[in-house]
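Please read the structure below before turning to the comments.
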Amino acid sequence: MSRPLPIALVQAPPRPAGTPVSGFAEEAEAVLRRFPQTRLMVFPELHLCGIDEAEDADRQLQEAAVPLDGRRVVELGSLARDLGVWLLPGSICERGPAGELYNTALAFSPDGELAASYRKVFPWRPREPYVPGDRFVVFDIPGTGRVGFSICYDAWFPEVARHLAWMGAEVIVNPVMTTTSDRAQELVLARANAIVNQVFVVSVNTAGPPGTGRSLVVDPEGLVRTEAPGDGATVLTDVLDLDHVTRARTYGTAGLSRMWAQFTDADTPIDLPLYGGRIDPRRWHPGQGGTTPS
2 MSRPLPIALV
12 QAPPRPAGTP
22 VSGFAEEAEA
32 VLRRFPQTRL
42 MVFPELHLCG
52 IDEAEDADRQ
62 LQEAAVPLDG
72 RRVVELGSLA
82 RDLGVWLLPG
92 SICERGPAGE
102 LYNTALAFSP
112 DGELAASYRK
122 VFPWRPREPY
132 VPGDRFVVFD
142 IPGTGRVGFS
152 ICYDAWFPEV
162 ARHLAWMGAE
172 VIVNPVMTTT
182 SDRAQELVLA
192 RANAIVNQVF
202 VVSVNTAGPP
212 GTGRSLVVDP
222 EGLVRTEAPG
232 DGATVLTDVL
242 DLDHVTRART
252 YGTAGLSRMW
262 AQFTDADTPI
272 DLPLYGGRID
282 PRRWHPGQGG
292 TTPS
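Remember, my numbering sits 1 above the position in the sequence shown when you count from 1.
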């Protein structure tokens, strides 16, 4: 059996905040013309919210922030419907109900519905002004599998990928806007998060300027399937077979390690003082985090 998911990762410079969705629509349409079999199209973090670093960043973000029920989000949903693909346009600057700002990743179904929204749990402090999100988010692509969101710096915290895998994610989408010299470390983290959770990790970074690029796709055993060699604008394509996740967890990474089968119900729970909680062997199974996307 096979569960193929054709993807396109668009490594591109950010679009200026507040510019019409029509320009982004032309960009996405051009990608689909080049790669018509694409089913999941992914853009970098804050792709629709580029700001001029020489100007007042806080003011620009306040002006660019939009609510999830606003016109801009509706227009993005309409674009997904017109394209007929799962559209992940990167994250936006979301204005919350009390005026707070969130760095929020969006996923639109081919029907144009907002299938998932995820507020970045770990904004990069002190540089990012966003309020942290308070939950992990997955969504289902019917007939294929489950996808989880992390945004950029989230990848540095293993709790995020572990929880997404526990919630049943087989692919973790990590939109990134890295402009600094630590992209090399992020590439290691992408592989590590894939290995220890036996999931696909797709990390799509902003192109230069200002980004450092090097987007990549990692398989559930930690092997890099494809990677952009530098910071130039490019599109990475691949077809993920989500049954690879099932195979890795059943037979083990490299035919050996089966981390999700580590415990038996007879094992004693392990206290986790850091979290004020514990690992309960009876709950150590992917997919137990619930089947309803947040």
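Even for Gly, the Cβ is constructed at its ideal location relative to N, Cα and C.
If you measure between the beta carbons of residue i and residue j, is that distance less than 7 Å?
| i | j | result |
| --- | --- | --- |
| P323 | G91 | This structure does not reach residue 323, given that the chain is present from 2 up to 295, and the question cannot be answered. |
| A156 | N198 | no |
| L10 | L237 | yes |
| N194 | A170 | no |
| T179 | R4 | no |
| L41 | I93 | no |
| L33 | L84 | yes |
| A191 | V202 | yes |
| D272 | R279 | yes |
Look at the alpha carbon of residue i and the alpha carbon of residue j, and state the distance between them as a whole number of angstroms.
| i | j | result |
| --- | --- | --- |
| V189 | N206 | 14 Å |
| Q63 | L102 | 8 Å |
| P143 | D57 | 43 Å |
| H286 | Q61 | 44 Å |
| G288 | G149 | 12 Å |
| G71 | A262 | 44 Å |
| G277 | K121 | 23 Å |
| A65 | R259 | 45 Å |
| G78 | E95 | 16 Å |
| L47 | F264 | 40 Å |
| I173 | L115 | 18 Å |
| G290 | V138 | 10 Å |
| R35 | T235 | 12 Å |
| L88 | E76 | 12 Å |
| V74 | P68 | 8 Å |
| A12 | E30 | Before going further, note that residue 12 is Gln rather than Ala in the sequence given. Answer to the nearest angstrom: the Cα atoms are 15 Å apart. |
| P294 | T105 | For P294, the pLDDT reaches just 42, beneath the cut-off of 50, and the residue's location in the model is therefore unreliable, leaving the point undetermined. |
| L107 | Y252 | 34 Å |
| P130 | F123 | 11 Å |
| D141 | F109 | 11 Å |
| A255 | D220 | 12 Å |
| V43 | A81 | 12 Å |
| V200 | E222 | 8 Å |
| G233 | T181 | 15 Å |
| E160 | A117 | 20 Å |
| A208 | D239 | 19 Å |
| D59 | Y154 | 20 Å |
Pick from the options: whose alpha carbon is nearest that of residue i?
| i | options | result |
| --- | --- | --- |
| P15 | P127, R35, T213, R284 | T213 |
| M168 | R147, E187, G209, N175 | R147 |
| P133 | A255, V139, I152 | I152 |
| L6 | V218, Y276, D232, L257 | V218 |
| P210 | L80, F137, G231, I196 | G231 |
| I52 | S204, A18, E222, R215 | A18 |
| E187 | L88, A13, S204 | S204 |
| Q38 | E54, V86, A81, S110 | V86 |
| R136 | S216, A99, R128, Y119 | Y119 |
Mind pulling the beta strand (DSSP E) runs of 3 or more residues that sit fully within the segment 205-259? With a minimum length of 3 residues, the continuous beta strand (DSSP E) runs that stay inside the segment 205-259 are 217-219, 225-228, 235-242.
Check whether the segment 19-27 and the segment 222-236 are in contact - that is, three or more C-beta pairs closer than 8 Å. Between the segment 19-27 and the segment 222-236 there are fewer than three C-beta pairs closer than 8 Å, too few to call the two in contact.
Would you call the segment 263-274 and the segment 244-255 in contact, with 3 or more CB pairs under 8 Å? Output reads no: the segment 244-255 does not touch the segment 263-274.
Give, in chain order, every unbroken run of the alpha helix (DSSP H) that is at least 4 residues long and sits entirely within the segment 133-207. Secondary structure in the segment 133-207: the alpha helix (DSSP H) runs of 4 residues or longer, each lying completely within the stretch, are 159-167, 184-198 in chain order.
Any alpha helix (DSSP H) of 4 or more consecutive residues that is wholly inside the segment 27-91: If we require 4 residues or more, the alpha helix (DSSP H) runs fully inside the segment 27-91 come out as 58-65, 72-84.
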